[in-house]
Amino acid sequence: MEQKILDCTLRDGGLVNRFYFTDDFVRGLYQANLQAGIDYMEFGYKASEALFDRREFGKWKFCREEDLRAVVGDNKTSMKISVMADVGRTDYSKGILEKKDSVIDMVRIAAYAEQMGEAMEMASCCKERGYETSVNIMAISNNTDEEIGRALETVSKSRADAVYVVDSYGSFYPEQIKALTKRYIRLAGNGRKVGIHAHNNQQLAFANTIEAMRCGAALLDVTVNGMGRGAGNCGSEQLLGYIGSSEKYNELPVIEFIENHVLPLKQAGILWGYDIPYLLTGQGCKHPSKAIEFVENHRTEYAGLFRQMMGA
Numbered sequence: 073m074e075q076k077i078l079d080c081t082l083r084d085g086g087l088v089n090r091f092y093f094t095d096d097f098v099r100g101l102y103q104a105n106l107q108a109g110i111d112y113m114e115f116g117y118k119a120s121e122a123l124f125d126r127r128e129f130g131k132w133k134f135c136r137e138e139d140l141r142a143v144v145g146d147n148k149t150s151m152k153i154s155v156m157a158d159v160g161r162t163d164y165s166k167g168i169l170e171k172k173d174s175v176i177d178m179v180r181i182a183a184y185a186e187q188m189g190e191a192m193e194m195a196s197c198c199k200e201r202g203y204e205t206s207v208n209i210m211a212i213s214n215n216t217d218e219e220i221g222r223a224l225e226t227v228s229k230s231r232a233d234a235v236y237v238v239d240s241y242g243s244f245y246p247e248q249i250k251a252l253t254k255r256y257i258r259l260a261g262n263g264r265k266v267g268i269h270a271h272n273n274q275q276l277a278f279a280n281t282i283e284a285m286r287c288g289a290a291l292l293d294v295t296v297n298g299m300g301r302g303a304g305n306c307g308s309e310q311l312l313g314y315i316g317s318s319e320k321y322n323e324l325p326v327i328e329f330i331e332n333h334v335l336p337l338k339q340a341g342i343l344w345g346y347d348i349p350y351l352l353t354g355q356g357c358k359h360p361s362k363a364i365e366f367v368e369n370h371r372t373e374y375a376g377l378f379r380q381m382m383g384a
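This note's numbering applies: residue 73 is where the sequence shown begins, and numbers increase by one.
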C-alpha cells in the first residue's frame, strides 16, 4: 500500500502554544507542505465551542470553515486537509458539515480503547457526510493485549478508512512498534490503512516511524522540527530526508520554513523537544503533564521525578 505523509504541526504543535499561530505561520506552513509534497495537512481540532472558550485558545482549536478557507481557499491542490475530533470533546452532529460544503477531506477521530463505541458512531457520521476517516486509538501502552484486540475488532467492523498506532507517551521501542503495526494490519480488516503517530520521549519517534513504515504502515505522521506536546514528534525534515528527495517529496521547503518561522517561536520561549523529564514519563508510560510542569518551571530534581515515575 502506498505510503502517505501527514503533517500535524498545527494540531500537535498547537498543544504547545494553545493554538495561537499567526496567520503568516499557518499560510507559510501550508505553502511549505505543498512544495514539499506532503500528502495531508492537519489544521487542528474540531473542538466543541460549548466545551472550550474561544477566548482561551487560538482558532485552530476549532477549525471553523471560514478560517480554513482564509488560508487554503478551495484548496485546489493534491494535498488533502484533515482535522482531529476527540471523542467527548466534539459536537460532531452539528460541528462537522457535509463534505460538499467543506474543504476538509479527512476527519481523524481520537479515542481511548474503551471509547470505541462512540468513536465508531463518529466515524459512521463522518463517512455518511462524505469524509475520509481514521480512528486514532490513544495511550495503548497502558492497554492490555486483550483490550487492544477488542478495539481492533470493533474497528474492523466499522466504516473507518484507517486506524492508527498511537504511541501517546513515547513509551514504545522499535520491536514493539513492529509487532503492533503487523497486528493492526492483520486485525484491522482488508483494505483499511494503518498509520503511525509517534512521540519523542525516548528519542525514538523517527526510528519508530521508520519501523512502522517498513512493516506496512501507510499513513505517517510528522511535524516540522518535531513540534508537539512535550517531547514532540517525528520531524517532517527527518522523514523527508530518509525517504529522499524525489519527484514526489522535497525536504528543502520544510528546512526553509523552520529557519523562517519555527526558530522565532523557539527564540520567543515556546518549548518542546527531548528532555530528561519526558524520558522518564515515557519510560514509565505516564502522561507527560508532570514532565511539562518540570520543564516549564526549569526544575532539575530528576532523581526525585525518577522515583515518582518508577515507584523506586
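Backbone N, C-alpha and C define an ideal beta-carbon position, used for all residues, glycine too.
For residue j and residue i, the rounded distance between their alpha carbons
i, j, result
"residue 335", "residue 206", "32 Å"
"residue 351", "residue 280", "15 Å"
"residue 268", "residue 79", "12 Å"
"residue 178", "residue 294", "16 Å"
"residue 140", "residue 322", "24 Å"
"residue 342", "residue 146", "32 Å"
"residue 164", "residue 152", "20 Å"
"residue 365", "residue 326", "30 Å"
"residue 108", "residue 333", "16 Å"
"residue 348", "residue 132", "30 Å"
"residue 260", "residue 371", "43 Å"
"residue 381", "residue 255", "29 Å"
"residue 198", "residue 373", "46 Å"
"residue 247", "residue 282", "12 Å"
Nearest-angstrom beta carbon gap, residue j and residue i [assumed within contact, 8 Å]
i, j, result
"residue 296", "residue 81", "5 Å"
"residue 276", "residue 285", "About 14 Å; that fails the 8 Å criterion."
"residue 231", "residue 196", "5 Å"
"residue 288", "residue 253", "7 Å"
"residue 329", "residue 101", "6 Å"
"residue 154", "residue 176", "7 Å"
"residue 156", "residue 184", "The Cβ separation is near 14 Å, so there is no contact."
Residue i classed as buried or exposed, judged by whether at least 16 other C-beta atoms fall within 10 angstroms
i, result
"residue 339", "exposed"
"residue 217", "exposed"
"residue 123", "exposed"
"residue 118", "buried"
Close beta carbons around residue i, own chain, < 7 Å, minus the five adjacent residues each side
i, result
"residue 73", "265, 288 and 290"
"residue 310", "278"
Cβ neighbours of residue i in the same chain (closer than 6 Å, five flanking residues each side left out)
i, result
"residue 143", "98, 99 and 102"
"residue 76", "111 and 291"
"residue 83", "114, 116 and 156"
query: Do the segment 163-179 and the segment 190-205 meet, that is, are 3 or more Cβ pairs less than 8 Å apart?
result: yes
query: Any chance the segment 85-93 sits against the segment 150-170, with 3 or more Cβ pairs inside 8 Å?
result: no
message: Quick check: the segment 254-272 against the segment 234-241, are at least 3 beta-carbon pairs closer than 8 Å?
response: Contact holds between the segment 234-241 and the segment 254-272, because three or more Cβ pairs, one in each stretch, are under 8 Å apart.
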